[in-house]
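Throughout the sequence shown, residue numbering follows the numbering used here, covering 8 to 190 in sequence.
Quick reminder that beta carbons are idealized off the backbone N, C-alpha and C, glycines included.
If you're wondering where the values come from, they're calculated on a predicted model, not measured in any experiment.
Data first, discussion second: the structure below is written as structure tokens.
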Amino acid sequence: VIIVILVALIVAFNSSYQVKEQEQVIILTFGKPTGIASSGLHFKIPFVQEIRKVDTTIKGLTIGYNQNTGESIESESLMITGDYNFINVDFFVEYKVADPIKALYSSESPIAILKNICQSSIRTIIGSSNVDDVLTTGKAEIQAKTKELILEKLSVHDIGIQIINITIQDAEPPTSEVMEAFK
């Protein structure tokens, strides 16, 4: 009787799960994704189904600087403009998981792919802009063109991640001598 009660308790505790508001859950049946559950209390078949939780909150990705220390990462921030000037540009990209199954299973590292797509798109747009636009009046247009290009590339790669916003954090000439000459 004790064994039956223990087995019933184990099955009861393994048959339900809670999904928070900013999460989605992938339901795996015998190891294959069979569905997605949104927030609330849900039930599953113990020992047959398992779940994988995916955080769907908006997250940030820095390009050109370290978010914790604020230090510039020159290999990411140093770019050349369309009029052959060097410039340091820092970007902040906001993204979220749009399709949890693709985010988990379509690639080994979707965030690394997103970062590479963003860097490539940023360099393409900055490379076709002139230095005055990057430093002063053209920031909004550059951000819009960059977001559009990233969205095109993400639709091709289809990694389950959606771009929310991209912002130029800072744009300046690369050295203090160049900054003084530019001013």
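Mapping the DSSP letters down to three states, classify residue i as helix, strand or coil.
i, result
"Asn137", "coil"
"Thr76", "coil"
"Tyr112", "helix"
"Pro40", "strand"
"Phe54", "coil"
"Thr69", "strand"
"Gln29", "coil"
What's the gap between the Cα of residue i and the Cα of residue j?
i, j, result
"Gln169", "Leu158", "8 Å"
"Ser128", "Pro107", "24 Å"
"Phe98", "Val141", "12 Å"
"Gly89", "Lys154", "19 Å"
"Ile120", "Thr64", "19 Å"
"Glu148", "Met86", "17 Å"
My assumption, with CB atoms under 8 Å, is that residue i sits in contact with residue j. Please give the rounded CB distance.
i, j, result
"Val216", "Lys60", "Residue 216 lies beyond the stretch modelled for the chain, which goes from 8 to 190, so this question has no answer here."
For the alpha helix (DSSP H) holding residue i, just list the boundary residues, first then last.
i, result
"Ser162", "146 to 164"
What span of residues does the beta strand (DSSP E) with residue i cover, start to end?
i, result
"Val100", "93 to 104"
"Ser23", "23 to 26"
"Thr174", "168 to 179"
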